[in-house]
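Some notes on the structure that comes next.
Protein chains: 2
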Amino acid sequence: MSQNPKILAVENYIQGLCESNLDKILSLYADDATVEDPVGTEPRKGMAAITEFYNMAISSKITAKLEGPVRIAGPHALFPFSITMDFGESTMNIDVIDQFTFNDDNKIISMKAFWGEENSRMS
Amino acid sequence: MSQNPKILAVENYIQGLCESNLDKILSLYADDATVEDPVGTEPRKGMAAITEFYNMAISSKITAKLEGPVRIAGPHALFPFSITMDFGESTMNIDVIDQFTFNDDNKIISMKAFWGEENSRMS
Numbered sequence: 001m002s003q004n005p006k007i008l009a010v011e012n013y014i015q016g017l018c019e020s021n022l023d024k025i026l027s028l029y030a031d032d033a034t035v036e037d038p039v040g041t042e043p044r045k046g047m048a049a050i051t052e053f054y055n056m057a058i059s060s061k062i063t064a065k066l067e068g069p070v071r072i073a074g075p076h077a078l079f080p081f082s083i084t085m086d087f088g089e090s091t092m093n094i095d096v097i098d099q100f101t102f103n104d105d106n107k108i109i110s111m112k113a114f115w116g117e118e119n120s121r122m123s
Numbered sequence: 001m002s003q004n005p006k007i008l009a010v011e012n013y014i015q016g017l018c019e020s021n022l023d024k025i026l027s028l029y030a031d032d033a034t035v036e037d038p039v040g041t042e043p044r045k046g047m048a049a050i051t052e053f054y055n056m057a058i059s060s061k062i063t064a065k066l067e068g069p070v071r072i073a074g075p076h077a078l079f080p081f082s083i084t085m086d087f088g089e090s091t092m093n094i095d096v097i098d099q100f101t102f103n104d105d106n107k108i109i110s111m112k113a114f115w116g117e118e119n120s121r122m123s
């Protein structure tokens, strides 16, 4: 595990997704955070809306995999990763770059997920 | 080469860096674009400042390599890549995620390069 708290948060996030561990994911967020996934949709604001979002996200079996080093610039951590959602008869793969912006306590205050139709495929 | 104009711009950008081809790089930008590299530094605004920046960047021998798929969300293209700068006696490697934001003509109006000390190493 990394000693850099922002990289550690990313590692815990990926692990939390793979474990469908809602508490682990939510513990990374500040109470007044926003989540925009994908970028271009209406951001979800606050812990209740974020909880609802991740409850939905982990309702299917998810595998998440970091696909390269976490890039750190000031309060931002950006990282390439892939998501596989197993719906039983079919699976969906999405290539994503997430941008986490942290507050001074290293809690995520803004998450933006960059992906679109070019980045998702059913199999 | 990709048919998506934003992905094509990224491919041409990487190629332009490898070829030290200033014209190819600058042709991707709108006249009033901004370049913030790395994020957290003062953005360079306008073609003169951007030309100066890339003249400096390609003054050493650069190799750039796309390290995963280009993520497209609305007007944004984000992509993980690596840069190797050859200074003769030493080389510097940097892992970067760039965010290009395009105008309606698919010219870059904003470039942000996310990387920091965790992402660069001399060898």
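In the order they appear, the protein sequences are chains A and B.
Counting in UniProt numbering, the first sequence runs from 1 upward without gaps.
Counting in UniProt numbering, the second sequence runs from 1 upward without gaps.
Where is the CB? At the ideal position from N, CA and C, for every residue including glycine.
| Query | Result |
| --- | --- |
| Complete beta strand (DSSP E) runs within the UniProt domain "SnoaL-like" (10 to 110) of chain B (minimum length 3 residues, chain order) | 29 to 36, 61 to 66, 71 to 73, 76 to 86 and 91 to 102 |
| CA-to-CA distance, B:D31 to B:I109, given in whole angstroms | 8 Å |
| Three-pair Cβ contact test at 8 Å for the segment 93 to 100 of chain B versus the segment 69 to 80 of chain B | yes |
| Exposure of B:F87, with buried meaning 16 or more beta-carbon neighbours within 10 Å | exposed |
| Nearest candidate by alpha-carbon position, reference A:T91, set A:K112, A:K61 and A:A9 | A:K61 |
| Alpha carbon of A:A33 to alpha carbon of B:F114, nearest angstrom | 21 Å |
| CA nearest to the CA of B:S59, picked from B:N12, B:N21 and B:M122 | B:N21 |
| CB contact below 8 Å: A:R121 versus chain B | no |
| Nearest candidate by alpha-carbon position, reference B:T63, set B:T84, B:Q3, B:N119 and B:E118 | B:T84 |
| Contacts around A:G116, its chain only, beta-carbon distance under 7 Å, and the 5 residues preceding and following it disregarded | P38 |
| B:G68 beta carbon less than 8 Å from that of A:G74 | no |
| Contacting residues, own chain, Cβ-Cβ under 6 Å from B:P5 (five flanking each side not counted) | N106 |
| Under 8 Å between C-beta atoms of B:M56 and B:Y29 | no |
| Nearest-angstrom Cβ-Cβ length linking A:D95 and A:N119, presumed shorter than 8 Å | 4 Å |
| Cβ neighbour criterion (16 or more within 10 Å) applied to A:R71 | buried |
| Where the beta strand (DSSP E) containing B:S120 begins and where it ends | S120 to M122 |
| Residues near A:L17 by beta carbon distance below 6 Å, same chain, minus five either side | I62 and A64 |
| For B:K112, the residue or residues it bridges with in DSSP | B:E36 and B:Q99 |
| Below-8 Å beta-carbon distance, B:E11 vs any chain A residue | no |
| Neighbour list for B:N4 in chain A, Cβ cutoff strictly below 9 Å | E118 |
| Alpha-carbon to alpha-carbon, A:M111 and A:V35 | 5 Å |
| B:R44, buried or exposed, once every other Cβ within 10 Å from all chains shown has been counted against 16 | buried |
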